[in-house]
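K.L.:
Quick one: this structure, given as structure tokens, is what I'll be asking you about.
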Ligand SMILES: NC(=O)C1=CN([C@@H]2O[C@H](COP(=O)(O)OP(=O)(O)OC[C@H]3O[C@@H](n4cnc5c(N)ncnc54)[C@H](OP(=O)(O)O)[C@@H]3O)[C@@H](O)[C@H]2O)C=CC1
Ligand SMILES: O=C1O[C@H](COP(=O)(O)O)[C@@H](O)[C@H](O)[C@H]1O
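In UniProt numbering, the protein residues as written are 1 to 477.
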């Protein structure tokens with residue numbers, strides 16, 4: 001994690017190949033991120049973006065107008081001149097990503113770009129496509145020798161989550177990628193790791209002596225990590241029907257946050273050392289020994305079945321799991337992971353509730369890392385209310401990114417793409433981490449699958465199913 005690396009301009013001539021350029025991710029995250037990187041001068045001078053479409057090349061115009069709409073909706077500036085510059089870097093190609101023959105056309109196009117600039121470009125293959133076609137796409141890239149690195153010019157493959165849909169399929173995917181790409185070429189994306197507030201977790205924990213001294217079972221009572229969304233599945237029916245909330249978000253993003261919050265200090269703030277400690281922590285996460293219903297719950301918002309046109313759907317749009325860590329420093333500290341769609345508010349945060357070791361029962365001290373929105377860290381303390389009496393009440397001490405730092409925080413996907421070009425694997429998941437995450441949740445996945453468990457229904461815009469609220473409350477008492 002190089003200091004101020006985000007201020008650099010990358011110089012490697014690069015061709016970024018986006019599979020799934022017409023998809024939701026490309027429109028709402030990737031192209032807006034490229035726009036920002038371009039606007040702030042962080043892209044290499046020699047950059048080409050190859051956008052792969054299944055259908056008409058007119059799709060590029062549609063995507064560009066969608067990017068504009070998305071950015072304006074997010075209250076971000078969208079300068080038509082920069083958008084036009086971005087568009088000028090994009091070369092659309094229509095191909096069937098599962099048809100081998102089409103990859104020879106793609107290869108010719110990429111070679112053509114190298115000839116045009118008289119320099120071999122590093123190539124980044126970004127799979128913004130449904131997980132069901134990861135394997136055939138990777139195999140086709142391999143068969144067309146688009147994986148081969150010559151003269152130290154990089155070939156990298158970027159794979160979106162979810163990486164598999166259970167332990168067996170994740171193993172299978174890892175094995176099939178390994179037959180075509182080497183570990184240094186593989187980047188498994190977990191965009192939560194690239195969020196500024198998440199990157200700060202290790203600094204916050206290990207470079208503040210006060211925090212470091214209380215960050216263990218003696219100081220901490222319980223931890224609640226949540227990614228609550230107001231949005232519903234936004235038309236992503238096929239995608240969501242094949243996964244559900246546990247696999248979409250909890251298996252990846254939330255377990256990664258848990259690892260960062262509880263892992264031991266790395267020997268150095270560099271990729272290998274950080275991954276080593278994260279992996280050790282993930283390996284120590286254990287499910288409680290109680291029946292699964294007592295520590296895991298799932299729900300489905302009302303109207304979901306109509307939306308996905310499947311009256312029988314048992315896919316969850318909400319999931320909550322209580323876990324523990326089998327390490328002496330964390331013994332007895334429950335951790336609740338919770339995520340859901342169509343809830344009453346958006347809140348991605350990590351709440352750390354401190355132990356009242358002296359049983360003075362004067363109110364809780366809670367530290368909340370606000371991942372989004374309103375990025376920052378808040379400490380809840382007890383204070384005396386001003387006046388002649390001795391009443392007390394909870395107050396907050398706040399650190400807000402908006403006021404503490406000048407300039408804008410790079411969005412997660414800006415960081416992902418920046419690191420893609422720079423070739424920095426720190427903020428990506430390793431295969432061991434991915435497998436450890438699936439292994440933790442496998443008993444829940446099996447039970448929900450084998451027992452045909454029906455998700456509890458909840459109203460859109462509510463705080464989730466009653467069973468979930470019960471699990472949340474079980475750690476607070
Ligand atoms: N959307 C999001 O917020 C996030 C998504 N992701 C991940 O990104 C990936 C893509 O998600 P998302 O963009 O939402 O999905 P979409 O369904 O919106 O888009 C998928 C893209 O893949 C193309 N595609 C679909 N099926 C095929 C096929 N059989 N052969 C070739 N191309 C195909 C689509 O083309 P066409 O338009 O022609 O159908 C489209 O361009 C997933 O792995 C998802 O988990 C990760 C984080 C956030
Ligand atoms: O990975 C995913 O993340 C988004 C939420 O991302 P955020 O950065 O806005 O928190 C989620 O909506 C989507 O279902 C999931 O695939």
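For glycine and all other residues, C-beta sits at the position ideal for the given N, C-alpha and C.
Buried or exposed for residue 278, going by 16 or more other Cβ atoms inside 10 Å?
P.N.:
buried
K.L.:
DSSP beta-bridge partners for residue 370?
P.N.:
349, 376
K.L.:
Give the straight-line distance between the Cα atoms of residue 75 and residue 436, rounded to the nearest whole angstrom.
P.N.:
38 angstroms
K.L.:
Report buried or exposed for residue 42, applying the criterion of at least 16 other Cβ atoms within 10 angstroms of its Cβ.
P.N.:
buried
K.L.:
Between the stretch 124-131 and the stretch 81-96, are three or more C-beta pairs nearer than 8 angstroms?
P.N.:
no
K.L.:
For residue 405, count neighbouring C-beta atoms within 10 Å of its own C-beta (all shown protein chains included) and say buried if the count is 16 or more, exposed if not.
P.N.:
exposed
K.L.:
Are at least three pairs of beta-carbons, each pair with one atom in the stretch 439-447 and one in the stretch 278-294, less than 8 angstroms apart?
P.N.:
yes
K.L.:
Does the Cβ of residue 300 have 16 or more other Cβ atoms within 10 Å, making it buried, or fewer, making it exposed?
P.N.:
buried
K.L.:
Compare the Cα-Cα distances from residue 69 to each of 51, 50, 24 and report the closest residue.
P.N.:
24
K.L.:
Give the range of the alpha helix (DSSP H) segment to which residue 54 is assigned.
P.N.:
Per DSSP, residue 54 belongs to no alpha helix (DSSP H) and is neither H nor E.
K.L.:
Please go through the stretch 5-42 and give each complete alpha helix (DSSP H) segment of 4 or more residues, from N-terminal end onward.
P.N.:
31-39
K.L.:
Determine the direct distance from the alpha carbon of residue 171 to that of residue 149, and round the result to whole angstroms.
P.N.:
25 angstroms
K.L.:
What do you get for residue 27, buried or exposed, if any count of 16 or more other CB atoms within 10 angstroms of its CB means buried?
P.N.:
buried
K.L.:
Over what stretch of residues does the alpha helix (DSSP H) that includes residue 272 continue unbroken?
P.N.:
First-last of the alpha helix (DSSP H) with residue 272: 271-284.
K.L.:
May I ask whether a heavy atom of ligand 2 can be found less than 8 angstroms away from the beta carbon of residue 192?
P.N.:
yes
K.L.:
Looking only at its chain, what residues have a beta carbon closer than 7 angstroms to the beta carbon of residue 66, apart from the 5 residues adjacent to it on each side?
P.N.:
27
K.L.:
Taking 8 angstroms as the cut-off, is the beta-carbon of residue 236 closer than that to any non-hydrogen atom of ligand 1?
P.N.:
yes
K.L.:
Determine, using beta-carbon pairs with one atom in the stretch 332-344 and one in the stretch 158-168, whether at least three such pairs fall under 8 angstroms.
P.N.:
no
K.L.:
Measure from the alpha carbon of residue 445 to the alpha carbon of each residue in 200, 244, 133, 58, then state which is nearest.
P.N.:
When the alpha-carbon of residue 445 is set against those of 200, 244, 133, 58, the nearest one is in 244.
K.L.:
Tell me whether residue 248, by its Cβ, gets closer than 8 angstroms to a heavy atom of ligand 2.
P.N.:
yes
K.L.:
Helix, strand or coil, according to DSSP, for residue 289 in the structure here?
P.N.:
Residue 289 carries a coil assignment under DSSP once its states are collapsed to helix, strand and coil.
K.L.:
Taking C-beta to C-beta, are residue 371 and residue 257 nearer than 9 angstroms?
P.N.:
yes
K.L.:
Which of the three DSSP states is assigned to residue 357 in this structure?
P.N.:
coil
K.L.:
With distance defined between alpha-carbon atoms, name the residue in 49, 22, 44 nearest to residue 56.
P.N.:
22
K.L.:
Determine the closest residue to residue 134 out of 389, 177, 413, 48, with distance taken between C-alpha atoms.
P.N.:
The candidate whose alpha carbon is nearest that of residue 134 is 177.
K.L.:
So residue 224 is in the beta strand (DSSP E); what residue range does that whole segment cover?
P.N.:
220-228
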